[in-house]
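Chains as they are written, first to last, in the working numbering: chain A, 1 to 319; chain B, 1 to 247. The block underneath contains the structure these notes are about, expressed in structure tokens.
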Amino acid sequence: MSINGGVAVKLVNLTKYYGKFLAVDHLNLEIYDREIFGFLGPNGAGKSTTLLMITTVLRPSEGTAYVYGVDIRKDPDRVRQMVGIAFQDPKLYWVHTPYEILYWHARVCGYSSSEARQVVKEVLTRFDMWEARRKRAFELSGGMRKRVEIAKVFIQRPRLAIFDEPTAQIDVSGKHMIWEMIKELRDEGSTIILATNELYEADVLSDRVGIIYKGRIAALGTPQELKDTIPGGDVLEIDLDRPPSDEVVRRIEAEPEIVEVRRMNQRIRMYLNRVEEVLPRILAMLMESGYRVKRVDMREPTLDDVFLHYTGVKLVKEE
Amino acid sequence: MNTKLHLIVERDVRNFFKYRWWMAGLISMNLADLFILAIVFSRMVTRLEYFKFVLPGIAILALFASAFTIGREVSAEIRRMLHHYLLSLPVKEWEIIIGRPLAGGIRGLIYAAPMLGLAIVLSPTPRPELLIYIPPVLFMLGMGISALAIFLATVVRNFDAYISIRGLMYFILMFSSTVFYPIDVLKNLPTPIYLLALYNPVSHGADLMREVLQQGVLDPMKIISLTIFSTVFLLVSSILYYRRIRE
């Protein structure tokens with residue numbers, strides 16, 4: 001399945017050793033054109049190393065990757081024409097100002113002097129950094145440095161934009177602004193790879209998510225698909241006006257999406273899949289059987305539950 | 001040709017001006033030492049206008065100090081992994097590799113220019129047409145010194161060790177040279193120091209300038225020697241720098 005038909009990035013047995021340590025273990029993956037692909041995993045899972053190989057900064061030990069059909073090993077210069085990255089740790093020269101950093105970046109990315117001045121002003125204003133444009137990088141807060149790093153990609157507007165933990169150190173309003181800008185970039189035609197260990201960020205932004213753990217892809221799919229793969233991942237609780245009969249419990253258990261049903265006095269707790277599809281049917285059956293529904297509570301699994309299911313560890317704990 | 005080499009060079013040259021006061025401080029310290037020495041030295045070197053003698057040396061000192069600073073930046077970049085940023089840009093690897101020493105040569109030339117100008121004014125050469133050779137020779141020497149600094153930055157992985165070795169190299173190349181004293185005086189020092197001064201490219205740069213300014217003579221052997229020094233270190237440092245950033 002591809003979202004818009006084409007493959008933007010294809011990893012073929014992509015592998016990286018640091019000495020004897022296997023950081024990325026024969027990754028095979030396709031990232032589709034114009035999608036936001038969330039790369040989810042704890043620190044040290046191999047996310048950044050994979051991204052650095054795609055951007056041609058690191059050479060693979062084995063295997064390769066293709067960016068819009070161009071082999072990163074054979075033609076890295078062409079690959080870099082199409083790729084832009086915002087690094088996890090801002091790569092800023094400490095005595096430079098945000099304006100100088102972005103102006104030079106714009107020039108390297110092919111803007112003329114006048115265009116560069118224009119685009120830098122636009123982007124710095126958008127990032128609420130225009131007032132701080134003359135401060136040197138070492139005078140900026142961590143969040144401001146991060147904004148400058150991300151701003152580089154929005155100046156470049158590459159065909160493949162890579163963000164490595166873009167909203168770490170950014171305040172809540174800044175996060176929402178950056179998420180909106182990432183979506184805009186995708187809507188303008190860029191493919192986005194978003195490496196993160198923030199579950200909510202991966203969930204709300206990504207068209208598809210790849211869970212990486214110990215250098216390997218543990219699970220792959222849309223956030224909803226991944227959540228639905230957990231047997232009984234959804235939890236549904238219904239409080240009734242009286243304890244449910246055995247017959248009612250049997251009828252609920254007969255629903256194909258139900259994994260387990262627990263009776264707790266007047267409450268029924270169900271572990272199931274696709275709660276949004278099953279709930280109307282159960283409510284209809286209960287009311288048909290003469291029960292009055294006093295309260296309904298439902299909870300979908302989070303990506304952390306997905307992570308736990310596929311890796312056996314909780315992502316939040318590992319942070 | 002769609003090259004971005006000029007942007008790599010421009011960036012390094014602009015960087016240099018971020019540190020201009022640090023550089024001025026460094027050279028001032030050298031000059032303070034020099035003036036103390038000069039008081040002693042003026043009694044040893046009679047019939048020599050020491051100021052005219054030393055001005056070309058100071059120009060070379062400025063060239064050396066400014067061209068050499070690029071090593072500190074390369075070392076810091078590698079330590080902080082800032083080279084990942086350069087490697088991710090839509091520029092070719094060779095542009096990054098070659099751009100650094102090229103910028104070093106330009107830095108050296110810029111910083112040496114005022115001293116060179118003063119030396120030309122105070123020592124009007126009998127053959128002004130030879131002055132045209134001085135900027136390219138100084139540029140080449142500056143590139144060679146930058147390449148040497150990049151070489152050190154790539155082979156010495158510990159930053160503290162790098163700082164120490166850089167200081168030692170600075171001391172050896174500046175003071176075991178004819179920047180401050182003529183080679184005849186250095187003959188009185190231990191043989192290794194004399195030999196180092198004799199073959200030191202910094203000596204050749206300073207002597208070449210003096211000969212042009214004061215005698216109207218251009219020694220092709222010194223140009224060949226500087227060319228060999230710069231070419232060897234450009235080649236070696238380019239290979240090592242490439243390997244280091246591509247690890």
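The C-beta atom is built at its ideal place from N, Cα and C for all residues, glycine as well.
Under 9 Å between C-beta atoms, does residue i make it to chain A?
i, result
"S88 of chain B", "yes"
"Y241 of chain B", "no"
"R47 of chain B", "Note that R47 of chain B has pLDDT 47, beneath the 50 cutoff, so the model's placement of it is unreliable and the number below is only indicative. False, the Cβ-Cβ gap to chain A never drops below 9 Å."
"P246 of chain B", "The displayed chain sequence assigns Arg, not Pro, to residue 246 of chain B. Chain A contact via Cβ: present."
"R14 of chain B", "yes"
Taking DSSP's pairing of strands, which residues face residue i in a bridge?
i, result
"D239 of chain A", "A:R267, A:R295"
"V67 of chain A", "A:V9, A:V70"
"Q38 of chain A", "Residue 38 of chain A is actually Gly in this sequence, not Gln. According to DSSP, which records beta bridges pairwise, G38 of chain A is partnered with A:L194, A:V209."
"D164 of chain A", "A:A195"
"K16 of chain A", "A:V24"
"I31 of chain A", "A:V9"
"V83 of chain A", "A:L160"
"V261 of chain A", "A:M270"
"E62 of chain A", "A:T15"
List, in chain order, every chain A residue whose beta-carbon is nearer than 9 Å to that of residue i.
i, result
"L82 of chain B", "K91, L92, Y93"
Can you confirm whether residue i, when its beta carbon is compared against all beta carbons of chain B, has any partner nearer than 9 Å?
i, result
"H309 of chain A", "no"
"T50 of chain A", "no"
"I211 of chain A", "no"
"E115 of chain A", "no"
"G84 of chain A", "yes"
"D75 of chain A", "no"
"E100 of chain A", "yes"
Please list the partners that residue i has in chain B, where partner means a Cβ-to-Cβ separation under 7 Å.
i, result
"W321 of chain A", "Coverage of chain A is limited to positions 1 through 319, which leaves residue 321 of chain A absent and any answer about it impossible."
I'd like the list of long-range same chain contacts for residue i, defined as Cβ closer than 7 Å, with 5 residues on each side in sequence excluded.
i, result
"M221 of chain B", "none"
"I3 of chain A", "For I3 of chain A, the pLDDT reaches just 49, beneath the cut-off of 50, and the residue's location in the model is therefore unreliable, leaving the point undetermined."
"H204 of chain B", "K222, S225, L226"
"R262 of chain A", "R269"
Cβ closer than 8 Å: which chain A residues qualify as neighbours of residue i?
i, result
"L61 of chain B", "Under the 8 Å cutoff, chain A gives no residues; its nearest Cβ is about 24 Å from L61 of chain B."
"T18 of chain B", "Going by the sequence as given, residue 18 of chain B is Lys instead of Thr. In chain order: V95, H96."
Please return the same chain residues whose Cβ sits closer than 8 Å to the Cβ of residue i, not counting the five positions on each side in sequence.
i, result
"E277 of chain A", "E257"
"K183 of chain A", "I36, L205"
"N13 of chain A", "H26, L27, N28, E62, G63, T64"
"D246 of chain A", "none"
Give me the chain B residues within the contact set of residue i, using Cβ-Cβ distance strictly less than 8 Å, ordered along the chain.
i, result
"T222 of chain A", "Neighbours of T222 of chain A on chain B: none; closest Cβ ~29 Å, over 8 Å."
"R59 of chain A", "R246"
For residue i, return the contacting residues in chain B, with the cut-off set at a CB-CB distance below 9 Å.
i, result
"R80 of chain A", "L87, S88, L89, P90, V91, K92"
"V108 of chain A", "K4, L7, I8, R11, L89, P90, V91"
"F87 of chain A", "M81, H84, Y85, S88"
"T55 of chain A", "H84, L87, S88"
"W327 of chain A", "The shown model of chain A, from 1 to 319, leaves out residue 327 of chain A, and the question about it has no answer."
Less than 6 Å between C-beta atoms, sequence neighbours within five positions excluded: which residues of the same chain meet that for residue i?
i, result
"V156 of chain B", "Y162, I165"
"R299 of chain A", "V235"
"R210 of chain B", "P56"
"G105 of chain B", "F139, G142, M143"
"L116 of chain B", "A59"
"R295 of chain A", "D239"
"A218 of chain A", "I211, Y310, T311"
"I54 of chain A", "A65"
"P301 of chain A", "K227, I230, G233"
Exercise. Which residue spans inside the region 184-237 of chain A form an unbroken alpha helix (DSSP H) run of at least 4?
Worked result: 199-205, 223-228
Problem set entry | alpha helix (DSSP H) runs wholly inside the region 87-131 of chain A, at least 4 long, in chain order | List check, alpha helix (DSSP H) in window: 98-108, 113-126.
Exercise. Which runs of the alpha helix (DSSP H), 4 residues or longer, sit entirely within the region 52-116 of chain B?
Worked result: Here the runs fully enclosed are 83-88.
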